[in-house]
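Working notes, beginning with the structure itself.
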Amino acid sequence: MMAPKFCPQCSTPLVLRKIHGRERETCPTCGETFFHKPAPVVLAVIEHADQLVLIRRKLDPLGGYWAPPGGYVEMGESLEDAVVREANEETGLQVAVDGLIGVYSQADVRAVILAFRAHSIGGEPVAGDDAGEICLVAPGQLPMQCPPEGGPPIDRWFYDVIHEVTTPWKWGRQTGARTMMRR
Ligand SMILES: [Zn+2]
C-alpha cells in the first residue's frame, strides 16, 4: 500500500510531476510514470454443509474479525481461479464458484472487492495460514461484530462489505435464508 519512493526499474529516487492534471510519481532517469491503481481482491462466500464458512482474520485490515476468506488476485489466474485458490488456502475446502454477489469500491481505498458465492465440493474445513480460526455458521447465527473505530478508511469499508455479502445468512431457515443462498 506504500507509495514507491524509488524507481523499481533503475532505483532512481522518484519525483512528482504533473501528468494528466495530477501530481504523479515519475522516474527522472527512465521517464516511467507510476499510476496508483486499486488492486482486485476476491471474497469467497462459501456454503459448506448448509452453513456459511467464516475465518478469523489474522492480518489487517480487520485483524481479529470474522470474515469470508479472500485475498488479492494474482497474475496468471482468473477471478474465479483466485476464489478457488484463496478458499482452499484459508479453509482447506475445494470449492466451486456459483456467481458474482457484487463489486465494491471506495475512492480512498486501494482495493476493489469482488465477492463471489461458492460451495464446497471436497475437503474438510481447517483454518489455513492466514486464518486464525475457522467457523461454520448456520443461518441466523452470524457472529455479532462491532464496527471498527479509529482505523484507516479501509477498515470500516471492509466491515460494511462483509456485512453486506453475509446478509442472506442473517436470518434463520424459516425466513428462507437457505432458498436465497441456493441457486
Ligand atoms: Zn527509472
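Positions 0 to 182 (numbering that gives the first Met the number 0) are the ones given, in order, by the sequence shown. Beta carbons are placed, not taken as given, at the ideal position from N, Cα and C, and that holds for glycine.
Tell me where the alpha helix (DSSP H) around P39 begins and ends. Unbroken run through P39 is the beta strand (DSSP E), 38-47; no alpha helix (DSSP H).
Cβ-heavy atom distance, C28 to ligand 1, below 6 angstroms: Contrary to the premise, residue 28 reads as Thr rather than Cys in this sequence. For ligand 1, at least one heavy atom lies less than 6 angstroms from the Cβ of T28.
Exposed unless 16 or more other CB atoms sit within 10 angstroms - verdict on P146: exposed
Sort F34, S119, P68 by Cα distance to D49 and report the nearest one. S119
With DSSP as the reference, label T178 as helix, strand or coil. Note that T178 scores a pLDDT of 44, beneath 50, so its modelled location is shaky; the value from the coordinates is reported in the next line. Correct three-state label for T178: helix.
Pull up the distance between the alpha-carbon of K169 and that of A66, whole angstroms please. 14 angstroms
Do V40 and A110 have their beta-carbon atoms positioned less than 7 angstroms apart in this structure? yes
Collapsed DSSP secondary structure at T90 in the structure displayed: helix
When you compare only the Cα positions, how much space is there between P60 and T32? 28 angstroms
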